[in-house]
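J.:
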Amino acid sequence: MGLSARRLGEMVDVSSQVMNGILKERGYLSGEMGNYNVTEKGRKIVIEKGWDNGYGGYARRGYNYLEWPDNILEELNITPELVEKVKNDLSEQRRQKRMEAELSAEENFRKFMEQKNKSSMNRASIPKTDTSDNKLGYLAVAGVIGASVYGLVKLVKYMIDE
Numbered sequence: 177m178g179l180s181a182r183r184l185g186e187m188v189d190v191s192s193q194v195m196n197g198i199l200k201e202r203g204y205l206s207g208e209m210g211n212y213n214v215t216e217k218g219r220k221i222v223i224e225k226g227w228d229n230g231y232g233g234y235a236r237r238g239y240n241y242l243e244w245p246d247n248i249l250e251e252l253n254i255t256p257e258l259v260e261k262v263k264n265d266l267s268e269q270r271r272q273k274r275m276e277a278e279l280s281a282e283e284n285f286r287k288f289m290e291q292k293n294k295s296s297m298n299r300a301s302i303p304k305t306d307t308s309d310n311k312l313g314y315l316a317v318a319g320v321i322g323a324s325v326y327g328l329v330k331l332v333k334y335m336i337d338e
């Protein structure tokens, strides 16, 4: 029976994120939190599986996961020092991602405000059009209203005649 990182973590009382970090430290995974890849060492023993809800299109949901052999816990040789190191590494990765997201948000907001200020300055230089010259628009609206009234009159006459 294969065990996921969550199940392995439950056996040693750590989260699945920490267990994936331990697997990375021991050379079975590479990458960073949330985006791990199996290394050559890991490919020899891991089984990759997938799950989806069976729907297509917008409603489709699914994910892939790895199943590790039952005896991998002995090979990992998990120590309290290793767990603490992995937790610190993950904490640092989270902090880095949070800082990058904040900087990106600030940069995007600054660009948005610059663009908004440029467009408002451009709008200020465009002269306003005189709405009294919009006779064609008024004629179109009057035509639609007239046609609607004509249709209603015909409908009422038809209803009265029957």
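The C-terminal position of the sequence shown is numbered 338 in my numbering, with every residue numbered one higher than the one before it. Beta carbons are placed, not taken as given, at the ideal position from N, Cα and C, and that holds for glycine.
Would you kindly report the start and end of the unbroken alpha helix (DSSP H) that includes leucine 312?
T.: Counted from its first residue, the sequence shown places residue 312 at position 136. Run containing leucine 312: 311-337, per the alpha helix (DSSP H) assignment.
J.: With which residues is tyrosine 239 paired in a DSSP beta bridge?
T.: By 1-based counting over the sequence shown, the position of residue 239 is 63. Note: tyrosine 239 sits in a beta bridge opposite Trp227.
J.: Return the residue from the list Arg237, Leu315 and Val194 that minimises the CA-CA distance to glutamate 257.
T.: On the sequence shown, position 81 is the one that residue 257 refers to. Checked all of Arg237, Leu315 and Val194; the closest Cα to glutamate 257 is Val194.
J.: Considering only the alpha carbon of each residue, which of Val188, Met209, Gly218 and Asn211 lies closest to arginine 176?
T.: Here the chain comprises residues numbered 177 to 338, so residue 176 is not present and cannot be evaluated.
J.: Using the Cβ count rule (16 or more neighbours within 10 Å means buried), how would you classify glutamate 181?
T.: Here residue 181 corresponds to residue number 5 of the sequence shown, with the count starting at 1. Sequence inspection shows alanine at residue 181; the glutamate mentioned does not correspond to that position. Label assigned to alanine 181: buried.
J.: Using C-beta distances below 7 Å, list every residue in its chain close to lysine 263, excluding the 5 sequence neighbours before and after it, in chain order.
T.: Position 87 of the sequence shown holds residue 263. Taken in chain order, the residues that qualify are Val194.
J.: Do methionine 209 and leucine 252 have their C-beta atoms closer together than 8 Å?
T.: Here the question's residue 209 lines up with position 33 in the sequence shown. Here the question's residue 252 lines up with position 76 in the sequence shown. For methionine 209 and leucine 252, no; Cβs fall outside 8 Å.
J.: Based on the DSSP secondary-structure assignment, which residues constitute the bridge partners of glutamate 208?
T.: Here residue 208 is taken as the residue at index 32 of the sequence shown, counted from 1. In DSSP, glutamate 208 forms a bridge with Asn211.
J.: Would you kindly report the start and end of the unbroken alpha helix (DSSP H) that includes serine 192?
T.: Within the sequence shown, numbered from 1, the residue matching residue 192 stands at position 16. Here the alpha helix (DSSP H) through serine 192 covers 192-201.
J.: Please go through the segment 231-296 and give each complete alpha helix (DSSP H) segment of 4 or more residues, from N-terminal end onward.
T.: Correct list: 248-252.
J.: Looking at C-alpha atoms only, which residue of Ile221, Gly197 and Val188 is the closest neighbour of proline 245?
T.: In the sequence shown, counting from the first residue as 1, residue 245 sits at position 69. Of the listed residues, the one whose Cα sits closest to proline 245 is Ile221.
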